[in-house]
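**Q** Take a look at the following structure, please.
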Amino acid sequence: GTVLVSAKRSAAGRFSVGKGFFMLVGSCIFFALGDIATKYALNYVSFWNTYAATITCIGIVWTVMSLRTENLVHVRDLKYRNRVLTFLILSELVGQVGVLLSMKSMGLGPVSLVSAIIGSRPVFVALFAIGMNYFWPGFLLTDPIGNRASLKFAASVMIVAGIAIIYLG
């Protein structure tokens, strides 16, 4: 499923996965390590202290990385800056609800099960993208009904199915 999402066809007709695939795999490895570390920490530290440590680390690292001059100039020169920044802040607040719920779930259940269920996110991303594209054509998908969208949705289902098989197996 991951290969289908990140595969690209060259002019010669050959398929390759490219850097995006390896970044996805690397991301999965680091998320898995983070999930295991979080589960371990939750055995000794309260949920809220673990969450506070996570958010503090994220805040410090990303603030330092974002304060580069080129980033500040880019934000200053954004077209529709207020609208874009408002949407960005709202999306991050919604994302934090997901982070809170996933960390709380790790404290309540086995990390492998929680990670498997969190792995179903691609299906929801695909469904929300298709739904949003229905109300705002061109919002996220360039081909909402065509082969590319169908392929991405099928790949998302395959990813989730693979995660379920690993968990149930």
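First residue of the sequence shown? That's 7 in the numbering used here, and the numbers climb one at a time after it.
Don't be surprised by glycine CBs; every beta carbon is placed ideally from N, CA and C.
1. Quick one: measure Cβ to Cβ for V129 and V163, integer angstroms, because I've assumed they're closer than 8 Å.
2. I'd like the ranges of any alpha helix (DSSP H) spanning at least 4 consecutive residues and lying wholly in the region 105-173.
3. Could you spell out where the alpha helix (DSSP H) holding V81 opens and where it closes?
4. Taking all protein chains shown into account, decide if M71 is buried (16 or more other Cβ within 10 angstroms of its Cβ) or exposed.
5. If we call anything under 8 Å between Cβ atoms a contact, is T62 one with M112?
6. Which residue from K110, L133, G144, V117 puts its Cα closest to that of L157?
7. For the alpha helix (DSSP H) that V67 lies in, which residues bound it at each end?
8. On the premise that A47 lies in contact with S121, defined as a C-beta separation below 8 Å, what is that separation, rounded to the nearest angstrom?
9. Does DSSP classify Y46 as helix, strand or coil?
10. Please classify Y57 as buried or exposed, where buried requires at least 16 neighbouring CB atoms within 10 angstroms.
11. Do M109 and F36 come within 8 Å of each other at the CB atom, strictly closer than that value?
12. Have a look at S97 and L91 and give me their C-alpha separation to the nearest angstrom.
13. Within a Cβ cutoff of 6 Å, which residues of the same chain sit near F159, ignoring the five residues on either side of it in sequence?
14. Express the C-alpha separation of L73 and H80 in angstroms, rounding to a whole number.
15. Let's test the definition: count the other Cβ atoms within 10 Å of the Cβ of I171 and tell me whether it reaches 16, buried, or not, exposed.
**A** Answer, in terms of the structure:
1. Within the sequence shown, the letter at position 123 stands for residue 129. Within the sequence shown, the letter at position 157 stands for residue 163. So it is a contact: roughly 6 Å between Cβ atoms.
2. 117-124, 127-141
3. Within the sequence shown, residue 81 is the residue found at index 75, counting from 1. Its alpha helix (DSSP H) spans residues 75-82.
4. Counting from one through the sequence shown, the residue named residue 71 turns up at place 65. Exposed, because fewer than 16 other Cβ atoms sit within 10 Å of the Cβ of M71.
5. Taking the first residue of the sequence shown as position 1, residue 62 is located at position 56. Taking the first residue of the sequence shown as position 1, residue 112 is located at position 106. Taking 8 Å as the Cβ cut-off, T62 and M112 do not qualify as a contacting pair.
6. As a first step, residue 157 must be located in the sequence shown, where it is residue number 151. For L157, the nearest C-alpha among the options comes from L133.
7. Looking up residue 67 in the sequence shown gives position 61. Counting along the chain, the alpha helix (DSSP H) containing V67 begins and ends at 53-72.
8. Numbered from its first residue, the sequence shown carries residue 121 at position 115. Numbered from its first residue, the sequence shown carries residue 47 at position 41. Incorrect: roughly 15 Å between the Cβ atoms, too far for contact.
9. As a first step, residue 46 must be located in the sequence shown, where it is residue number 40. Helix, per DSSP.
10. The residue given as residue 57 occupies position 51 in the sequence shown. Buried is the call here.
11. In the sequence shown, residue 36 corresponds to position 30, counting from 1. In the sequence shown, residue 109 corresponds to position 103, counting from 1. No. Outside cutoff.
12. Locating residue 97 in the sequence shown gives position 91, counting from the first residue. Locating residue 91 in the sequence shown gives position 85, counting from the first residue. Cα to Cα, the separation comes out at about 10 Å.
13. To locate residue 159, count along the sequence shown from 1; it is residue 153. Excluding sequence neighbours, F159 sits near A132.
14. Counting from one through the sequence shown, the residue named residue 80 turns up at place 74. Counting from one through the sequence shown, the residue named residue 73 turns up at place 67. Between H80 and L73, the C-alpha separation is close to 11 Å.
15. On the sequence shown, position 165 is the one that residue 171 refers to. That one is exposed.
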